[in-house]
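Enquirer: Below are the structure tokens for one structure; questions will follow.
Numbering (our numbering), first residue to last: 667 to 937.
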């Protein structure tokens, strides 16, 4: 049984090997969230194992398969959902965005999953990230008709992030400020926990970064009932990221007739 309210989980799965994907599948199948937003997908055996298992179990899957060497986002829903072409609106590296429309009883909701490109100090990767963020910013500006939940690994930090790291550029902070300003989205975790220091990724030196986010349109802001980071999957080495879960006091769409995706992933046995 799902607790009352619509719930989502976002988790960077790190393009897993088939073995690690099987362990991720067991953990994800144990969760009760209605919608899963999985980032850092690839057209790989591990990601296809996850997509195939949830598809076979009756879930709705939106998985714009990335091109060779490229990354993307996958959305898995145990409630009614329809694919949405938000990634096509971005145009540049479109598989890094996936979106669905949820026909919720209180009105349709758009769920947008994002995996923002990372970068190093090179001019090429810096321009790649800058270009993608600009394209995403433009697509968000035109996606205003339906209230939205935006979740994923944004590879950016809030301007007030503690500690503050000197290598983040103004254009990266500007994107976060555009989300919460121009696009009228609320950072769900920060809304409920204005002063807490939480990190979804920790570097080799022990420095923490809150890269993974869930934001929502202002009409949904006062309906947020819970938002917290789940560190167990990172501690168990399912990924190098923690997951983030969020719940709203909204009636979810109609449940799909799903079965256990772990069982669906196991090869048939002849007796």
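Note that the Cβ used here is the ideal one computed from N, Cα and C, for glycine as well.
Whole angstroms is fine: what's the gap from residue 814's alpha carbon to residue 696's?
Expert: Residue 814 sits at position 148 when you count from the first residue of the chain shown. Residue 696 sits at position 30 when you count from the first residue of the chain shown. Each residue's alpha carbon lies about 26 Å from the other.
Enquirer: Please go through the same chain and pick out, in chain order, the residues whose beta-carbon is closer than 7 Å to the beta-carbon of residue 865, but skip the five residues on each side of it.
Expert: Mapped onto the chain shown, residue 865 falls at position 199. Answer for residue 865: 874, 875 and 876, listed in chain order.
Enquirer: Using DSSP bridges, identify the partner residues of residue 939.
Expert: The displayed coordinates of the chain run from 667 to 937. Any statement about residue 939 would go beyond what the structure contains.
Enquirer: From the DSSP output, in three-state form, read off residue 749 for me.
Expert: Position 83 of the chain shown, counted from the start, is the residue given in the question as residue 749. Here residue 749 sits in strand by DSSP.
Enquirer: Just the C-alpha distance for residue 764 and residue 845, rounded to the nearest angstrom, thanks.
Expert: In the chain shown, counting from the first residue as 1, residue 764 sits at position 98. In the chain shown, counting from the first residue as 1, residue 845 sits at position 179. For residue 764 and residue 845, the distance between alpha carbons rounds to 17 Å.
Enquirer: When the cut-off is 8 Å and only beta carbons count, does residue 827 lie next to chain B?
Expert: The question asks about chain B, but that chain is absent: this structure has only one protein chain.
Enquirer: Assess contact between the region 736-745 and the region 914-933, defined as three or more Cβ pairs (one per stretch) separated by less than 8 Å. Is contact present?
Expert: Yes, the region 736-745 touches the region 914-933.
Enquirer: Between which two residues does the beta strand (DSSP E) carrying residue 694 extend?
Expert: Counted from its first residue, the chain shown places residue 694 at position 28. First-last for residue 694: 684-696, but that is the alpha helix (DSSP H), not the beta strand (DSSP E).
Enquirer: What's the gap between the Cα of residue 928 and the Cα of residue 717?
Expert: Residue 928 sits at position 262 when you count from the first residue of the chain shown. Residue 717 sits at position 51 when you count from the first residue of the chain shown. Going by the C-alpha atoms only, they are around 12 Å apart.
Enquirer: Would you identify the three-state DSSP class for residue 725, choosing helix, strand or coil?
Expert: Within the chain shown, numbered from 1, the residue matching residue 725 stands at position 59. It is coil, neither helix nor strand.
Enquirer: Which of helix, strand or coil does DSSP assign to residue 879?
Expert: Residue mapping note: residue 879 aligns to position 213 of the chain shown, counting from 1. DSSP places residue 879 in strand when its eight states are reduced to three.
Enquirer: Check residue 928 in the structure and name its three-state DSSP category.
Expert: Mapped onto the chain shown, residue 928 falls at position 262. Residue state, collapsed to three classes: helix.
Enquirer: Could you give the distance in angstroms between the alpha-carbon of residue 774 and the alpha-carbon of residue 767?
Expert: Your numbering for residue 774 matches position 108 in the chain shown. Your numbering for residue 767 matches position 101 in the chain shown. If you take the alpha carbons of residue 774 and residue 767, they lie about 6 Å apart.
Enquirer: Which whole-angstrom value is the C-beta distance of residue 834 and residue 796, which I expect to be below 8 Å?
Expert: If you number the chain shown from 1, residue 834 lands on position 168. If you number the chain shown from 1, residue 796 lands on position 130. Going by Cβ atoms, the distance from residue 834 to residue 796 rounds to 13 Å, so no, they are not a contact pair.
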